[in-house]
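J.:
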Amino acid sequence: MLKNTLDAAIKQAMFAKDKVRLTTLRSLKSQIMLAETAEGASADGLTPEAELKLLNKAAKQRRDAAAIYNEQFRSDLEENELAELAIIEEFLPAQLSEADLVEKLVHIIQRVGATGPSDLGKVMGVAARELSGQADGKRISDVIGHLLNNTNL
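If you're matching positions, the sequence shown starts at 1 in the UniProt record's numbering and goes up one per residue.
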């Protein structure tokens with residue numbers, strides 16, 4: 001369970017006196033605890049899928065913030081966001097390489113019978129569900145758009 005893993009990592013960060021790591025891990029644990037106590041949450045805790053969704057959301061927030069800081073030439077803040085992102089990514093499954101992502105998306109496109117850019121939503125729904133945690137949603141969308149615009153499938 002992710003919460004137990006985070007507890008152990010928090011203890012290690014405390015002993016190592018790694019403030020950035022400790023802050024990031026505590027933030028993740030806080031988000032998990034909020035999700036567990038939210039209205040309608042299961043008494044058994046979060047499912048692995050819900051934990052993965054939470055981690056992906058936290059990673060996306062860091063990526064977006066880092067991009068904004070980059071545009072504003074605030075490298076000091078950008079570096080902090082990227083450091084936190086690297087810590088969060090330790091708990092995420094390995095990301096698909098570009099070649100593996102394209103291969104899986106071609107199979108999904110063929111399976112759902114997509115023929116052009118108008119089928120983006122149909123393909124994206126299946127791809128987002130099947131590739132959750134293995135690739136960023138924007139990256140999936142960009143590759144699908146490129147593949148659907150290429151009629152040589």
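We put the CB at the ideal spot given by N, CA and C, even for glycine.
Do the segment 75-84 and the segment 110-127 touch if we need at least three Cβ pairs shorter than 8 Å?
T.: Taking 8 Å as the limit for Cβ pairs, the verdict is that the segment 110-127 does not touch the segment 75-84.
J.: With a CB to CB cut of under 7 Å and the five nearest residues on each side skipped, what residues in its chain are close to residue 157?
T.: Past the boundaries of the shown model lies residue 157; the chain is included only from 1 to 153, so the question cannot be answered.
J.: Would DSSP call GLU103 helix, strand or coil?
T.: GLU103 falls in the helix class under three-state DSSP.
J.: Could you pull out every residue in the same chain whose Cβ sits closer than 8 Å to the Cβ of LEU25, ignoring the five residues on either side in sequence?
T.: The answer, listed in chain order, is LEU6, ALA9, ILE10, ALA13 and ILE87.
J.: Return the first residue and the last residue of the alpha helix (DSSP H) that GLU51 is part of.
T.: Note, GLU51: alpha helix (DSSP H), 48-71.
J.: Classify MET124 as buried or exposed, calling it buried when 16 or more other Cβ atoms lie within 10 Å of its own Cβ.
T.: Buried, because 16 or more other Cβ atoms sit within 10 Å of the Cβ of MET124.
J.: Under DSSP, the alpha helix (DSSP H) around residue 164 begins and ends at which residues?
T.: The chain is shown from 1 up to 153; residue 164 falls before or after that span and cannot be answered.
J.: Measure the C-alpha to C-alpha separation of SER27 and ARG139 and round it to an integer number of angstroms.
T.: When rounded, the distance between both Cα atoms is 26 Å.
J.: Taking 9 Å as the CB-CB limit, is ASP18 close to chain B?
T.: You won't find chain B in this structure, because it holds only one protein chain.
J.: Determine, using beta-carbon pairs with one atom in the segment 62-73 and one in the segment 38-48, whether at least three such pairs fall under 8 Å.
T.: Not touching, per the Cβ criterion.
J.: Is any heavy atom in the ligand MN found nearer than 8 Å to the beta carbon of LYS138?
T.: Absence of the ligand MN from the depicted structure is noted, as is the absence of any ligand whatsoever, leaving it without description.
J.: In angstroms with no decimal places, state the Cα-to-Cα distance between ASP44 and ASN4.
T.: Straight-line Cα distance between these residues: approximately 14 Å.
J.: Return the Cβ separation of ALA135 and GLN95 in integer angstroms, given the expectation that the two are a contact with Cβ distance under 8 Å.
T.: That belief holds up - the Cβ atoms of ALA135 and GLN95 are roughly 6 Å apart, short of 8 Å.
J.: Return helix, strand or coil for PRO117, following the three-state DSSP convention.
T.: Three-state result, PRO117: helix.
J.: Does the Cβ of residue 154 have 16 or more other Cβ atoms within 10 Å, making it buried, or fewer, making it exposed?
T.: Limits of the chain in this structure are 1 at one end and 153 at the other, which puts residue 154 out of reach.
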